[in-house]
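K.L.:
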Amino acid sequence: MTILDEILAHKRLEVAGRKAALPEPPPRPGTPPPFEAALRSEPFAIVAEVKRRSPSAGALREPFDPAAIARAYAEGGAAAVSVLVDERFFGGGDAPFAEVRAAVALPLLYKEFVVDEWQIRHARMLGASAVLLLASALSDEDLRAFRAAIEAAGMAALVEVHNAGEMARAARCGARVIGINNRDLRTFRTDLAVTERLAGLAPGGALLVSESGIRNAADAARVRAAGARAALVGEHLLRQADLAAAVRALRGAAAP
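Following the numbering used here, the residues of the sequence shown are numbered contiguously, the last one being 845.
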(Lines of atoms letter the chains of each structure in order from A; the text may use other names.)
(Lines give C-alpha, C1' and ligand atoms only; values in the text may rest on other atoms or scores of the structure.)
Protein backbone atom coordinates (compact mmCIF):
# COMPACT_ATOMS: atom_id res chain seq x y z
CA MET A 590 0.00 0.00 0.00
CA THR A 591 1.39 3.43 -0.98
CA ILE A 592 1.20 6.51 1.24
CA LEU A 593 -1.63 7.85 -0.95
CA ASP A 594 -3.55 4.58 -0.64
CA GLU A 595 -3.18 4.72 3.15
CA ILE A 596 -4.34 8.34 3.29
CA LEU A 597 -7.39 7.68 1.09
CA ALA A 598 -8.40 4.57 3.05
CA HIS A 599 -8.26 6.51 6.30
CA LYS A 600 -10.05 9.50 4.75
CA ARG A 601 -13.08 7.43 3.72
CA LEU A 602 -13.48 6.16 7.28
CA GLU A 603 -12.94 9.64 8.74
CA VAL A 604 -15.51 11.29 6.45
CA ALA A 605 -18.08 8.60 7.16
CA GLY A 606 -17.80 9.38 10.87
CA ARG A 607 -17.97 13.13 10.35
CA LYS A 608 -21.03 12.81 8.09
CA ALA A 609 -22.82 10.88 10.81
CA ALA A 610 -22.07 13.64 13.33
CA LEU A 611 -22.88 16.56 10.98
CA PRO A 612 -24.88 15.38 7.95
CA GLU A 613 -25.33 18.87 6.43
CA PRO A 614 -22.58 21.41 7.17
CA PRO A 615 -24.21 24.86 7.04
CA PRO A 616 -22.73 27.22 4.44
CA ARG A 617 -20.77 30.20 5.75
CA PRO A 618 -22.72 33.44 5.22
CA GLY A 619 -21.56 35.71 2.42
CA THR A 620 -19.58 35.07 -0.74
CA PRO A 621 -16.01 33.76 -0.52
CA PRO A 622 -13.33 35.88 -2.21
CA PRO A 623 -12.79 34.58 -5.77
CA PHE A 624 -9.85 32.20 -6.12
CA GLU A 625 -9.42 32.04 -9.89
CA ALA A 626 -9.77 35.80 -10.34
CA ALA A 627 -7.13 36.41 -7.65
CA LEU A 628 -4.66 34.16 -9.46
CA ARG A 629 -5.41 35.69 -12.85
CA SER A 630 -4.91 39.21 -11.47
CA GLU A 631 -1.17 38.55 -11.01
CA PRO A 632 1.50 38.15 -13.72
CA PHE A 633 2.60 35.12 -11.68
CA ALA A 634 0.67 34.31 -8.52
CA ILE A 635 1.90 32.58 -5.39
CA VAL A 636 -0.48 30.31 -3.49
CA ALA A 637 1.29 30.00 -0.15
CA GLU A 638 0.57 26.95 1.95
CA VAL A 639 -0.11 26.53 5.67
CA LYS A 640 0.64 23.05 6.99
CA ARG A 641 2.24 21.70 10.13
CA ARG A 642 3.91 18.62 8.67
CA SER A 643 3.93 16.17 5.77
CA PRO A 644 4.57 12.41 5.49
CA SER A 645 7.69 13.04 3.39
CA ALA A 646 9.24 15.97 5.30
CA GLY A 647 7.98 15.62 8.88
CA ALA A 648 7.44 18.74 11.01
CA LEU A 649 7.91 21.91 8.96
CA ARG A 650 7.55 24.79 11.39
CA GLU A 651 7.53 24.92 15.17
CA PRO A 652 5.97 26.70 16.86
CA PHE A 653 3.11 26.39 14.37
CA ASP A 654 0.91 29.50 14.31
CA PRO A 655 -1.47 29.31 11.32
CA ALA A 656 -2.77 32.87 11.70
CA ALA A 657 0.70 34.43 11.94
CA ILE A 658 1.90 32.41 8.96
CA ALA A 659 -1.08 33.50 6.86
CA ARG A 660 -0.65 37.17 7.80
CA ALA A 661 3.02 37.02 6.77
CA TYR A 662 2.03 35.45 3.45
CA ALA A 663 -0.48 38.23 2.85
CA GLU A 664 2.16 40.84 3.70
CA GLY A 665 4.48 39.26 1.14
CA GLY A 666 1.88 39.52 -1.60
CA ALA A 667 0.53 35.97 -1.83
CA ALA A 668 -2.54 35.84 -4.08
CA ALA A 669 -4.16 33.06 -2.05
CA VAL A 670 -3.45 30.70 0.84
CA SER A 671 -3.68 26.92 0.76
CA VAL A 672 -4.60 25.33 4.09
CA LEU A 673 -4.08 21.61 4.76
CA VAL A 674 -7.22 20.17 6.30
CA ASP A 675 -6.11 16.57 6.90
CA GLU A 676 -5.22 16.09 10.56
CA ARG A 677 -3.72 12.60 10.80
CA PHE A 678 -1.02 12.93 8.14
CA PHE A 679 -0.53 16.71 7.82
CA GLY A 680 -1.51 18.13 11.22
CA GLY A 681 -4.38 20.22 9.84
CA GLY A 682 -8.01 20.43 10.83
CA ASP A 683 -10.97 22.75 11.18
CA ALA A 684 -9.30 24.89 13.85
CA PRO A 685 -6.20 25.86 11.82
CA PHE A 686 -8.40 26.60 8.83
CA ALA A 687 -10.66 28.83 10.95
CA GLU A 688 -7.63 30.65 12.36
CA VAL A 689 -6.38 31.43 8.86
CA ARG A 690 -9.85 32.48 7.69
CA ALA A 691 -10.09 34.93 10.58
CA ALA A 692 -6.58 36.29 10.00
CA VAL A 693 -6.64 37.19 6.30
CA ALA A 694 -9.12 38.21 3.61
CA LEU A 695 -7.33 36.27 0.86
CA PRO A 696 -9.00 33.37 -0.98
CA LEU A 697 -8.35 30.06 0.79
CA LEU A 698 -7.84 26.68 -0.83
CA TYR A 699 -9.35 23.71 1.04
CA LYS A 700 -6.37 21.38 0.59
CA GLU A 701 -7.79 17.97 1.37
CA PHE A 702 -8.14 14.45 0.02
CA VAL A 703 -11.72 14.81 -1.20
CA VAL A 704 -13.53 11.48 -1.52
CA ASP A 705 -17.11 12.54 -0.75
CA GLU A 706 -19.35 15.47 -1.66
CA TRP A 707 -19.82 16.12 2.07
CA GLN A 708 -16.31 17.60 2.10
CA ILE A 709 -17.36 20.22 -0.45
CA ARG A 710 -20.10 21.42 1.88
CA HIS A 711 -17.59 21.31 4.73
CA ALA A 712 -15.23 23.53 2.72
CA ARG A 713 -18.02 26.05 2.15
CA MET A 714 -18.83 26.01 5.87
CA LEU A 715 -15.20 26.86 6.72
CA GLY A 716 -15.09 29.77 4.26
CA ALA A 717 -13.03 28.25 1.45
CA SER A 718 -12.84 29.84 -1.98
CA ALA A 719 -11.51 26.73 -3.73
CA VAL A 720 -11.38 22.96 -3.22
CA LEU A 721 -8.64 20.59 -4.36
CA LEU A 722 -9.66 17.51 -6.36
CA LEU A 723 -7.09 14.78 -7.00
CA ALA A 724 -7.57 13.20 -10.40
CA SER A 725 -5.60 10.19 -9.16
CA ALA A 726 -8.09 9.58 -6.36
CA LEU A 727 -11.38 10.07 -8.22
CA SER A 728 -13.30 8.48 -11.08
CA ASP A 729 -14.27 10.54 -14.13
CA GLU A 730 -17.85 10.57 -12.85
CA ASP A 731 -16.81 11.91 -9.44
CA LEU A 732 -14.48 14.50 -10.98
CA ARG A 733 -17.32 15.92 -13.06
CA ALA A 734 -19.87 15.77 -10.25
CA PHE A 735 -17.56 17.22 -7.60
CA ARG A 736 -16.35 20.02 -9.89
CA ALA A 737 -19.95 20.97 -10.65
CA ALA A 738 -20.88 20.88 -6.95
CA ILE A 739 -17.91 23.06 -6.00
CA GLU A 740 -18.78 25.67 -8.63
CA ALA A 741 -22.48 25.56 -7.69
CA ALA A 742 -21.43 26.42 -4.14
CA GLY A 743 -19.60 29.52 -5.39
CA MET A 744 -16.07 28.11 -5.14
CA ALA A 745 -13.41 27.10 -7.67
CA ALA A 746 -12.25 23.53 -8.28
CA LEU A 747 -8.48 23.06 -8.49
CA VAL A 748 -8.14 19.74 -10.32
CA GLU A 749 -4.71 18.24 -9.65
CA VAL A 750 -2.92 16.06 -12.21
CA HIS A 751 0.45 14.32 -12.40
CA ASN A 752 0.57 12.73 -15.86
CA ALA A 753 -0.79 13.06 -19.39
CA GLY A 754 -3.72 10.72 -18.77
CA GLU A 755 -4.84 12.75 -15.77
CA MET A 756 -4.49 15.99 -17.73
CA ALA A 757 -6.83 14.57 -20.38
CA ARG A 758 -9.29 13.58 -17.66
CA ALA A 759 -9.14 17.09 -16.16
CA ALA A 760 -9.96 18.52 -19.58
CA ARG A 761 -12.89 16.14 -20.01
CA CYS A 762 -14.36 17.09 -16.63
CA GLY A 763 -14.35 20.77 -17.60
CA ALA A 764 -11.62 21.95 -15.23
CA ARG A 765 -10.87 25.68 -15.44
CA VAL A 766 -8.03 25.65 -12.90
CA ILE A 767 -5.55 22.77 -13.13
CA GLY A 768 -2.77 22.02 -10.68
CA ILE A 769 0.23 20.16 -12.06
CA ASN A 770 1.76 18.35 -9.12
CA ASN A 771 5.49 17.86 -9.52
CA ARG A 772 5.35 15.41 -6.61
CA ASP A 773 4.30 11.83 -7.29
CA LEU A 774 1.84 11.20 -4.45
CA ARG A 775 2.64 7.50 -4.50
CA THR A 776 6.41 7.92 -4.03
CA PHE A 777 6.54 11.57 -2.84
CA ARG A 778 9.45 12.33 -5.21
CA THR A 779 9.41 15.72 -6.94
CA ASP A 780 10.51 16.74 -10.46
CA LEU A 781 9.77 20.14 -12.03
CA ALA A 782 9.99 18.52 -15.46
CA VAL A 783 6.45 17.27 -14.80
CA THR A 784 5.15 20.83 -15.24
CA GLU A 785 7.27 21.23 -18.38
CA ARG A 786 5.89 18.02 -19.88
CA LEU A 787 2.23 18.60 -19.05
CA ALA A 788 1.68 22.34 -19.50
CA GLY A 789 1.44 22.02 -23.28
CA LEU A 790 -1.27 19.35 -22.91
CA ALA A 791 -3.63 21.57 -20.91
CA PRO A 792 -6.96 22.64 -22.43
CA GLY A 793 -7.05 26.14 -23.88
CA GLY A 794 -7.94 28.83 -21.39
CA ALA A 795 -7.17 26.74 -18.30
CA LEU A 796 -5.19 28.41 -15.54
CA LEU A 797 -2.19 26.26 -14.62
CA VAL A 798 -0.78 26.07 -11.11
CA SER A 799 2.57 24.33 -10.63
CA GLU A 800 2.62 22.52 -7.29
CA SER A 801 5.41 21.07 -5.12
CA GLY A 802 9.17 21.05 -5.46
CA ILE A 803 9.55 24.81 -5.92
CA ARG A 804 12.42 25.61 -3.60
CA ASN A 805 13.96 28.84 -4.88
CA ALA A 806 13.65 31.75 -7.28
CA ALA A 807 15.07 29.80 -10.21
CA ASP A 808 12.43 27.09 -9.76
CA ALA A 809 9.66 29.71 -9.78
CA ALA A 810 11.01 31.22 -12.98
CA ARG A 811 11.33 27.77 -14.54
CA VAL A 812 7.72 26.74 -14.03
CA ARG A 813 6.49 30.12 -15.21
CA ALA A 814 8.53 29.73 -18.39
CA ALA A 815 6.89 26.33 -18.87
CA GLY A 816 3.42 27.90 -18.88
CA ALA A 817 2.28 27.96 -15.26
CA ARG A 818 0.35 31.06 -14.24
CA ALA A 819 0.84 30.39 -10.53
CA ALA A 820 2.82 28.25 -8.10
CA LEU A 821 1.63 26.54 -4.94
CA VAL A 822 4.51 26.56 -2.45
CA GLY A 823 4.55 25.12 1.04
CA GLU A 824 7.66 23.43 2.39
CA HIS A 825 10.13 25.98 1.01
CA LEU A 826 8.25 28.92 2.50
CA LEU A 827 7.55 27.28 5.85
CA ARG A 828 11.26 26.68 6.45
CA GLN A 829 12.16 30.37 5.99
CA ALA A 830 12.71 32.74 8.90
CA ASP A 831 11.06 35.67 7.08
CA LEU A 832 7.92 34.35 5.40
CA ALA A 833 6.89 37.64 3.80
CA ALA A 834 10.32 38.17 2.25
CA ALA A 835 10.32 34.59 0.96
CA VAL A 836 7.00 35.15 -0.82
CA ARG A 837 8.26 38.42 -2.31
CA ALA A 838 11.40 36.68 -3.57
CA LEU A 839 9.38 34.05 -5.44
CA ARG A 840 7.05 36.67 -6.94
CA GLY A 841 9.98 38.80 -8.06
CA ALA A 842 11.92 35.92 -9.52
CA ALA A 843 9.05 34.97 -11.76
CA ALA A 844 8.48 38.51 -13.07
CA PRO A 845 9.22 39.13 -16.76
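Where is the CB? At the ideal position from N, CA and C, for every residue including glycine.
Between the Cα of Ala-692 and the Cα atoms of Ala-656, Gly-716 and Ser-671, which residue gives the shortest distance?
P.N.:
Ala-656
K.L.:
In angstroms, rounded to a whole number, what distance separates the CA positions of Lys-600 and Val-720?
P.N.:
16 Å
K.L.:
Near Ala-668, which residues of its chain fall below 8 Å by C-beta distance, leaving aside the five closest residues on each side in sequence?
P.N.:
Ala-627, Leu-628, Ser-630, Glu-631, Ala-634, Ile-635, Val-636, Leu-695, Pro-696 and Ala-819
K.L.:
Could you pull out every residue in the same chain whose Cβ sits closer than 6 Å to the Cβ of Thr-779, ignoring the five residues on either side in sequence?
P.N.:
Asn-771, Arg-772, Ser-801 and Gly-802
K.L.:
Using DSSP bridges, identify the partner residues of Asn-770.
P.N.:
Glu-800
K.L.:
Does the stretch 718-735 come within contact of the stretch 679-691, defined as at least 3 CB pairs closer than 8 Å?
P.N.:
Output reads no: the stretch 679-691 does not touch the stretch 718-735.
K.L.:
Helix, strand or coil: how does DSSP classify Val-566 here?
P.N.:
Shown here, the chain extends from 590 to 845; a query on residue 566 therefore has no answer.
K.L.:
Note down, in chain order, each residue of its chain lying with its Cβ closer than 6 Å to the Cβ of Ala-661, except the 5 sequence neighbours on either side.
P.N.:
Leu-832 and Ala-833
K.L.:
Can you tell me which of the three DSSP states Gly-647 falls into?
P.N.:
strand
K.L.:
For the structure I just gave you, are there three or more beta carbon pairs, one from the stretch 752-770 and one from the stretch 640-653, closer than 8 Å?
P.N.:
Proximity of the stretch 752-770 to the stretch 640-653 falls short of the contact definition, fewer than three beta-carbon pairs being nearer than 8 Å.
K.L.:
Expressed to the nearest angstrom, what Euclidean distance is found between the alpha-carbon atoms of Leu-790 and Ala-610?
P.N.:
42 Å
K.L.:
In the structure shown, what three-state DSSP assignment does Val-703 receive?
P.N.:
coil
K.L.:
Run through the stretch 704-745 for me and flag every whole beta strand (DSSP E) of 3 or more residues, listed as ranges in chain order.
P.N.:
719-723
K.L.:
Could you have a look at Val-693 and say whether DSSP puts it in helix, strand or coil?
P.N.:
coil
K.L.:
For Gln-829 and Asn-805, I'd like the C-alpha separation in whole angstroms.
P.N.:
11 Å
K.L.:
Out of curiosity, what's the CA-to-CA distance linking Glu-740 and Ala-746?
P.N.:
7 Å
K.L.:
I need the boundaries of the beta strand (DSSP E) containing Ala-795, first residue and last residue.
P.N.:
Here Ala-795 belongs to no beta strand (DSSP E), and DSSP marks it neither H nor E.
K.L.:
Report back the beta-carbon spacing between Ser-725 and Leu-821 to the nearest angstrom; my notes put them in contact at under 8 Å.
P.N.:
Leu-821 and Ser-725 do not touch by the CB rule: their CB atoms are close to 16 Å apart, not below 8 Å.
K.L.:
For Arg-873, which of helix, strand or coil comes out of DSSP?
P.N.:
Nothing in the structure corresponds to residue 873, since the chain is present only between 590 and 845.
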